[in-house]
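Here is the structure we will look at, set down as structure tokens.
There are 4 protein chains.
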Amino acid sequence: MKKETIERIRRFSTDRDWDQFHSPSNLAKSISIEAGELLECFQWNDTDYDLEHVKEELADVLVYCYDLLDKLNLDEDEIINSKMEKNEKKYPIEKSKGSSKKYNAL
Amino acid sequence: MKKETIERIRRFSTDRDWDQFHSPSNLAKSISIEAGELLECFQWNDTDYDLEHVKEELADVLVYCYDLLDKLNLDEDEIINSKMEKNEKKYPIEKSKGSSKKYNAL
Amino acid sequence: MKKETIERIRRFSTDRDWDQFHSPSNLAKSISIEAGELLECFQWNDTDYDLEHVKEELADVLVYCYDLLDKLNLDEDEIINSKMEKNEKKYPIEKSKGSSKKYNAL
Amino acid sequence: MKKETIERIRRFSTDRDWDQFHSPSNLAKSISIEAGELLECFQWNDTDYDLEHVKEELADVLVYCYDLLDKLNLDEDEIINSKMEKNEKKYPIEKSKGSSKKYNAL
Numbered sequence: 000m001k002k003e004t005i006e007r008i009r010r011f012s013t014d015r016d017w018d019q020f021h022s023p024s025n026l027a028k029s030i031s032i033e034a035g036e037l038l039e040c041f042q043w044n045d046t047d048y049d050l051e052h053v054k055e056e057l058a059d060v061l062v063y064c065y066d067l068l069d070k071l072n073l074d075e076d077e078i079i080n081s082k083m084e085k086n087e088k089k090y091p092i093e094k095s096k097g098s099s100k101k102y103n104a105l
Numbered sequence: 000m001k002k003e004t005i006e007r008i009r010r011f012s013t014d015r016d017w018d019q020f021h022s023p024s025n026l027a028k029s030i031s032i033e034a035g036e037l038l039e040c041f042q043w044n045d046t047d048y049d050l051e052h053v054k055e056e057l058a059d060v061l062v063y064c065y066d067l068l069d070k071l072n073l074d075e076d077e078i079i080n081s082k083m084e085k086n087e088k089k090y091p092i093e094k095s096k097g098s099s100k101k102y103n104a105l
Numbered sequence: 000m001k002k003e004t005i006e007r008i009r010r011f012s013t014d015r016d017w018d019q020f021h022s023p024s025n026l027a028k029s030i031s032i033e034a035g036e037l038l039e040c041f042q043w044n045d046t047d048y049d050l051e052h053v054k055e056e057l058a059d060v061l062v063y064c065y066d067l068l069d070k071l072n073l074d075e076d077e078i079i080n081s082k083m084e085k086n087e088k089k090y091p092i093e094k095s096k097g098s099s100k101k102y103n104a105l
Numbered sequence: 000m001k002k003e004t005i006e007r008i009r010r011f012s013t014d015r016d017w018d019q020f021h022s023p024s025n026l027a028k029s030i031s032i033e034a035g036e037l038l039e040c041f042q043w044n045d046t047d048y049d050l051e052h053v054k055e056e057l058a059d060v061l062v063y064c065y066d067l068l069d070k071l072n073l074d075e076d077e078i079i080n081s082k083m084e085k086n087e088k089k090y091p092i093e094k095s096k097g098s099s100k101k102y103n104a105l
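Residue numbers (numbering that gives the first Met the number 0), protein chains in the order written: chain A, 0 to 105; chain B, 0 to 105; chain C, 0 to 105; chain D, 0 to 105.
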């Protein structure tokens, strides 16, 4: 994400004095709520979805994710790389290739 | 996010032949599932959370968001900026400052 | 639901002194978290699911729903009938028959 | 729940020819989506919520839970009692009393 975009997300909250509402817990709720709205795009049909609507709801999820990263002073690349390292170990290629099984069922 | 991080997320899926499971609908489900796991960090207590656990679950949400962006060939900055433009209009500063009301209740 | 079942759910919480954690907000989070675990049964495959697992996760959602009904002193039949009345008006049979469209798109 | 209420929920779907959309997977998505809307009642404030709104959203979660019970031919009391038995073993009173810790952290 570009610096300007991150700045825009931040300014949106500070301009409205909304940082007071952005506790980690409230942001986690918000991510879940928006994830539900994204899922609603696929509620009754997996393939016939409204792309414009999907874009808006995915953007909402991402914005709250960035608010939470910001609130907790986290670096996106750092937490993702650290999680990917675990995922790569949990799902060795030879065992998990082509399989959708969970690691504890492999 | 850095190019290397995005590349790592992509490689993780292609190495395991998992792109076949990554329909937009399945990824939307996955974002919701991981958002629930993130929320679980705050299930009974809003302030006393395990930061390491929060980092892992937030990373999981973000990884699936990137998978969905990738699947639909979307540009993160573009969809966020387009949504922020709408949000800025829906929530005029003078009306929404310091208020957590929804736009339709302002 | 039978009275004994409701009583069992209640006793489970009072025996463990857990009513203190059952604020409406925490129960709403819990319903969402368990709904995510139920959804996980269908994450990568819509038709090939583990029925025993589905039963457990659906039970978890229902138990927290009953905890919330209890906490707010609500009658299940009353709130459902009152919502069904609205749904029946929002989705007139002639307009919605065979269609999965949302009421505002009918 | 009273028989008439269950019948009303069933009739609502059959009258509209909606059973075709009620796959277990779609119903699990629907439960998650409605759980997100219930959570939205508590998004920014844990204690100052709109009770009428909470009642509607909780009713929506319950209606989809009944649709899923129906679809899978499950008995609500049976699956709840079977889960409560496991919960009672997972959380022995002496260990879990007054604690909100997860069973694997007790």
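Each residue gets a CB set at the ideal place from its N, CA and C atoms; glycine is no exception. Remember, it's a predicted structure, so these values are computed and weren't measured experimentally.
Rounded to the nearest angstrom, what separates residue i and residue j at their Cα positions?
| i | j | result |
| --- | --- | --- |
| Trp17 of chain A | Lys96 of chain C | 43 angstroms |
| Arg7 of chain B | Gln19 of chain A | 35 angstroms |
| Leu38 of chain B | Met0 of chain B | 23 angstroms |
| Asn44 of chain C | Ser81 of chain A | 28 angstroms |
| Phe59 of chain C | Ala104 of chain C | It is worth fixing the name first, because residue 59 of chain C is Asp in this sequence and not Phe. Straight-line Cα distance between these residues: approximately 33 angstroms. |
| Glu87 of chain B | Ser31 of chain C | 29 angstroms |
| Ser24 of chain D | Gln42 of chain D | 26 angstroms |
| Ser98 of chain B | Asp49 of chain B | 29 angstroms |
| Lys101 of chain B | Leu26 of chain A | 15 angstroms |
| Leu73 of chain B | Ile92 of chain D | 51 angstroms |
| Lys94 of chain D | Thr46 of chain C | 39 angstroms |
Near residue i, which residues of its chain fall below 7 angstroms by C-beta distance, leaving aside the five closest residues on each side in sequence?
| i | result |
| --- | --- |
| Leu68 of chain B | Glu75 |
| Ile5 of chain C | Tyr65 |
| Glu33 of chain B | Glu56, Asp59, Val60 and Tyr63 |
| Lys70 of chain D | His21, Pro23 and Leu26 |
| Lys2 of chain C | none |
Considering only the alpha carbon of each residue, which of the options lies closest to residue i?
| i | options | result |
| --- | --- | --- |
| Tyr63 of chain A | A:Leu50, A:Val53, A:Ser29 and A:Leu71 | A:Ser29 |
| Ile78 of chain A | B:Glu51, B:Thr13, B:Ser24 and B:His21 | B:Glu51 |
| Glu55 of chain B | B:Glu84, B:Cys40 and B:Asp47 | B:Cys40 |
| Arg10 of chain A | B:Asp47, B:Ser31, B:Lys100 and B:Met83 | B:Met83 |
| Gly135 of chain B | B:Asp47, B:Val53, B:Asn72 and B:Thr46 | For chain B, the structure presents residues 0 to 105; residue 135 of chain B sits outside this window and is missing. |
| Tyr90 of chain D | C:Lys94, C:Asp14 and C:Ile92 | C:Asp14 |
Kindly indicate which three-state DSSP category residue i falls into: helix, strand or coil?
| i | result |
| --- | --- |
| Thr46 of chain B | coil |
| Lys1 of chain B | coil |
| His21 of chain B | coil |
| Gly97 of chain A | coil |
| Asp76 of chain D | helix |
| Arg7 of chain A | helix |
| Asp130 of chain A | Any answer about residue 130 of chain A is impossible in this case: the structure gives chain A only from 0 up to 105. |
| Leu71 of chain C | coil |
| Leu38 of chain A | helix |
| Tyr102 of chain D | helix |
| Tyr90 of chain A | coil |
Closer than 8 angstroms by C-beta to residue i: which residues in its own chain qualify, once you throw out the five before and the five after it? Chain order, please.
| i | result |
| --- | --- |
| Ser12 of chain B | Asp18, His21 and Asp66 |
| Lys85 of chain D | none |
May I ask you to check if the CB of residue i is nearer than 7 angstroms to at least one heavy atom of the ligand ZN?
| i | result |
| --- | --- |
| Gly97 of chain C | Judged by which ligands are present, the structure shown has none, so any question about the ligand ZN falls away. |
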